[in-house]
Amino acid sequence: MDYGAVGDSFTDDSQAFLTAWSNVCGMKNGAPTLEVPPGKTFKLNPLKFSGPCNSSPIHFQLEGNIVAPNSTEAWKDKDPSRWIEISNVDGLQIDGGGQIDGWGSVWWKDCNALHIHNCNKLQLKGTRHLNSARNHISINYCNYTTLFNLTITAPKDSPNTDGIDIAQSSYTLIQNSIISTGDDCIAINNGTTNINITGVTCGPGHGISVGSLGGKGAYDIVEQVYVNNCSFNGAENGMRIKTWPGGSGYARNITFKQIILTNTNNPIIIDQNYEDLMKVSAVKISGVNFRDVNGTSGSEIAITLNCSQSVWCTDIFMDTINITSTSSGSNVHASCHNARGVASSTSPDDKPGFSGSAEDELSQHNAKKLIDTSQKGLRIPKHFPYFHVEFGLNKGFVHVIDDEKQFKSSHGLNVIRGMLHLAAEDMYRRRRYEAVEVQKQAVASFSKEWDLFGWTKQLHGTS
Numbered sequence: 001m002d003y004g005a006v007g008d009s010f011t012d013d014s015q016a017f018l019t020a021w022s023n024v025c026g027m028k029n030g031a032p033t034l035e036v037p038p039g040k041t042f043k044l045n046p047l048k049f050s051g052p053c054n055s056s057p058i059h060f061q062l063e064g065n066i067v068a069p070n071s072t073e074a075w076k077d078k079d080p081s082r083w084i085e086i087s088n089v090d091g092l093q094i095d096g097g098g099q100i101d102g103w104g105s106v107w108w109k110d111c112n113a114l115h116i117h118n119c120n121k122l123q124l125k126g127t128r129h130l131n132s133a134r135n136h137i138s139i140n141y142c143n144y145t146t147l148f149n150l151t152i153t154a155p156k157d158s159p160n161t162d163g164i165d166i167a168q169s170s171y172t173l174i175q176n177s178i179i180s181t182g183d184d185c186i187a188i189n190n191g192t193t194n195i196n197i198t199g200v201t202c203g204p205g206h207g208i209s210v211g212s213l214g215g216k217g218a219y220d221i222v223e224q225v226y227v228n229n230c231s232f233n234g235a236e237n238g239m240r241i242k243t244w245p246g247g248s249g250y251a252r253n254i255t256f257k258q259i260i261l262t263n264t265n266n267p268i269i270i271d272q273n274y275e276d277l278m279k280v281s282a283v284k285i286s287g288v289n290f291r292d293v294n295g296t297s298g299s300e301i302a303i304t305l306n307c308s309q310s311v312w313c314t315d316i317f318m319d320t321i322n323i324t325s326t327s328s329g330s331n332v333h334a335s336c337h338n339a340r341g342v343a344s345s346t347s348p349d350d351k352p353g354f355s356g357s358a359e360d361e362l363s364q365h366n367a368k369k370l371i372d373t374s375q376k377g378l379r380i381p382k383h384f385p386y387f388h389v390e391f392g393l394n395k396g397f398v399h400v401i402d403d404e405k406q407f408k409s410s411h412g413l414n415v416i417r418g419m420l421h422l423a424a425e426d427m428y429r430r431r432r433y434e435a436v437e438v439q440k441q442a443v444a445s446f447s448k449e450w451d452l453f454g455w456t457k458q459l460h461g462t463s
């Protein structure tokens, strides 16, 4: 309260916050902290906290509550798409048990409650977010971000109230959070790479979604997405990838693993016809892995692969899937169009399953054999062109993609060693030297990346 803020939920405290931010951002020594005290509710008109700041990290300790104006008049002559914006602040840490209330019921329109732009090494922990007019948290052009122990809430029928939107950002960890909204719990948008979502509960809401991508003919990309140990309860969608006809780019190397479903509509859905338009081009979807998915579907179609007729989905792998109907005595089904891949121990398992030619079926057979026998340490068939499968060493998964022979691993040094052995002795015998060199680069790269997430111990086999 040092800067004249009142905290009665009615008085505009915007200027007090901006003054406090200016002082904290300008500090060159100590541990710069802006503290929002508990037991108070501060009304803020649309405002922007800007950097760069003189020190890093900058601590925003939110113990009290922040509330938006209850009238759209506050946005007159201001950007109507944002309420609180933070930009160009590296090392920003926002935490505490406080709350950000967007008062979205006043308009439910295009206004993001908390928009964070170009803030690398961001940490957002333990805060509560509710009733945004649109997205509750938008992360844009931020690298090495950690979002932990968040609670995000909006009514089931509130339009476009995404929980967390990520775009143009890399190395993002979202962990141990509860999201209940009227739209996507988490939306993974264009330019997002290397995102790990673990321990998230979603519902109600529209699921954990990649996309939508390719709107208005755009070239969009998303890759290296890992969703693990998450649950969906009463959600409109579960695991979803959505693209627009007429776009281009790719969504690839996406894994959903250890998923629990409770009365979830459309538990698994890939929809490349997000709008029914006749277009030749499409975003390329490949290397999508669903494994260890269990629970109940509220819709008759539990698995939907609705891929583009012009650009088919490829390398779609399903293993250990068991989805039943919420309604006793009812059955659920799968629907597949223009997709190639492999299903192993999957229910529902309606026929026809994956589409493709005789050559595709041979590749499916080889891939299925690889999935079934990987834990026994058997070798990869030499004639199998490329793969994206779960590999049974240290619960790791392996990606080998395209003709570039890129290698990625996300869990455990043993997996990288296993990949090195397999690549050098089996898959690329004719190009052994190149394979070994790529593996060395992969080890060095992931050592660096994991250290940023605090996972170095696991990488070195000590976890």
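According to UniProt numbering, the sequence shown is numbered sequentially starting from 1.
For glycine and all other residues, C-beta sits at the position ideal for the given N, C-alpha and C.
Being a predicted model, the structure only gives us computed values, none of them experimental.
In the three-state reduction of the DSSP assignment, residue 223 falls in the strand class.
Here residue 280 carries a coil assignment [DSSP, helix/strand/coil]. When the beta-carbon positions are compared, residue 298 and residue 265 come within less than 7 Å of each other. If you draw a straight line from the Cα of residue 249 to the Cα of residue 71, it is about 41 Å long.
A distance of 7 Å or more separates the beta carbons of residue 96 and residue 57. Put simply, of 166, 162, 24, 329 the residue whose alpha carbon is nearest the alpha carbon of residue 151 is 162. Only buried fits residue 98, as 16 or more other CB atoms lie within 10 angstroms of its CB. By the 16-neighbour rule on beta-carbons within 10 angstroms, residue 348 is buried. Counting the other Cβ atoms within 10 Å of the Cβ of residue 223 gives 16 or more, which makes it buried. Here residue 123 has 93, 146 as same chain residues with Cβ atoms under 6 Å from its own Cβ, once five neighbours each way along the sequence are excluded.
DSSP, read as helix, strand or coil, puts residue 25 in helix.
Inclusion of residue 254 and residue 304 in the CB contact set at 7 Å is not warranted, their separation being larger than that value. When DSSP reads this structure, residue 110 sits in no beta bridge, so it has no partner. According to the DSSP assignment, residue 128 belongs to the beta strand (DSSP E) that extends over 128 to 130. As DSSP reads the structure, residue 240 sits in a beta bridge with 209, 269. Pairing residue 320 with residue 291, the inter-Cα distance amounts to about 6 Å.
The shortest CA-to-CA distance from residue 189 to any of 204, 50, 209, 256 is the one to 209.
In the three-state reduction of the DSSP assignment, residue 83 falls in the strand class, which pools E and B. Shown here for residue 10: same chain residues with a beta carbon closer than 8 Å to its own, the five before and five after excluded, namely 43 in chain order.
Taking every protein chain shown into account, the CB of residue 242 has 16 or more other CB atoms within 10 angstroms, so this residue is buried. Secondary structure of residue 341 (DSSP, three-state): strand. Under the three-state reduction of DSSP, residue 216 is assigned to helix. In the displayed model, residue 35 falls within a strand according to three-state DSSP.
In terms of CA proximity to residue 77, 46 leads the group 69, 86, 63, 46. Taken atom to atom, the span from the alpha-carbon of residue 213 to that of residue 221 is near 8 Å.
In this structure, residue 234 places its C-beta atom within 7 Å of the C-beta atom of residue 263.
For residue 139, the closest C-alpha among the options 38, 3, 121 is that of 121.
Counting the other Cβ atoms within 10 Å of the Cβ of residue 31 gives fewer than 16, which makes it exposed.
At a Cβ-Cβ threshold of 7 Å, residue 314 and residue 335 do not count as neighbours. Nearest in C-alpha terms to residue 244, of all of 260, 217, 232, is 217. One alpha carbon belongs to residue 26, the other to residue 116, and they sit about 19 Å apart.
Residue 170 is positioned such that its CB atom lies no closer than 7 Å to that of residue 108. Residue 317 sits close to residue 342, with the two beta carbons spaced by under 7 Å. Residue pairing by DSSP places residue 230 opposite 259 in a beta bridge.
Taking the Cβ atoms as the reference, residue 198 lies roughly 18 Å from residue 180, outside the contact range of under 8 Å. For residue 132, the number of other beta carbons within 10 angstroms of its own is at least 16, and it is reported as buried.
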